[in-house]
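Residue numbers (the numbering used here): 5 to 179.
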Amino acid sequence: CKESPLHLVNWELGRAWERANIHSKSSDCPLYYWMLTPTGPLQTDPGGPHYCSALNQTLRTRAHRCDDAMPFFDVQKRLGVDLDQWMTIQSAEQPHKIPAGCHAFEKDRIECAHGIGATPAATECKIESGDLTECLLRQKTVRRPSDIRRQRSKLIKEGKCTPPPHHLGKEDARS
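Put into C-alpha cells, the structure is as follows:
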C-alpha cells in the first residue's frame, strides 16, 4: 500500500477521523493506530501483512455504519437555522420562551442517559423513560377515569357502596 494511512484517513473520513478516537502513538511516523470499535480497541500495525487492507476495511465500515461511534453533525446549528429543534427536543430553546409541558421529564431522561449509550440507558433509565412517555402520551391518565367507573360499579353491585340518590335519578339534581 503506497498511500500513507493519514492520506487514507483524510480521503475516507476527513476530520471525522479525529473525532473517532483514533490516535497515533508516534508523532513523526505513525506505527500504531488505535480505533475504538463496539467490540473494543483495534490495533493495526503497519508492519503486519494486512495493514492497509485492514485499515481500508475498517474505514469503510466506519464510514457506512450508522450505529457506530461516528460524530453527529448538527447541520441546523452549524447553519444557524432552527426549523424543528423546538418540536423534536423540548429542552431546546422554545420560540416563544414558554417551556414545554414535559420539559422536566425530558431533562431527567436526557441527564440519566447522557454518556452511557442507548443499550445501558434502556435498562438504567426505565423510570425516567416511563415518566416521559406517560407525560407525552397520557395513556394512564386517559385510562384512569374508566378504571374508577368500573371499580365504582363493581362496589355498587357488591353492595359495599351506595351512591347518593341524586346520582341514581330518584331526586332532583342539587341546585
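C-beta: ideal position from N, C-alpha, C; glycine also.
Using beta-carbon positions only, say whether residue i and residue j come within less than 8 Å of one another.
i      : j      : result
Ser133 : Arg113 : yes
Glu128 : Ile120 : yes
Cys139 : Gly105 : yes
Pro167 : Ile160 : yes
Ala117 : Ala125 : yes
Could you have a look at residue i and say whether DSSP puts it in helix, strand or coil?
i      : result
Cys139 : helix
Pro103 : coil
Thr145 : helix
Lys164 : coil
Lys197 : A question about residue 197 goes unanswered here, because the residues of the chain that appear run from 5 up to 179.
Asp72  : Only weak support exists for where Asp72 lies, its pLDDT of 41 falling under 50; the value from the coordinates is given anyway. Three-state result, Asp72: coil.
His171 : helix
How would you call residue i, buried or exposed, if buried means at least 16 neighbouring beta carbons within 10 angstroms?
i      : result
Leu136 : buried
Ala162 : The displayed chain sequence assigns Glu, not Ala, to residue 162. The residue is exposed, with fewer than 16 neighbouring Cβ atoms inside 10 Å.
Glu115 : exposed
Cys165 : exposed
Looking at chain B, is there any beta carbon in it that lies within less than 8 Å of the beta carbon of residue i?
i      : result
Lys164 : Considering every chain present, this structure includes no chain B. It has just one protein chain.
Complete alpha helix (DSSP H) runs within the region 111–135 (minimum length 4 residues, chain order): For the region 111–135, whole alpha helix (DSSP H) runs of length 4 or above, ordered along the chain, are 122–128.
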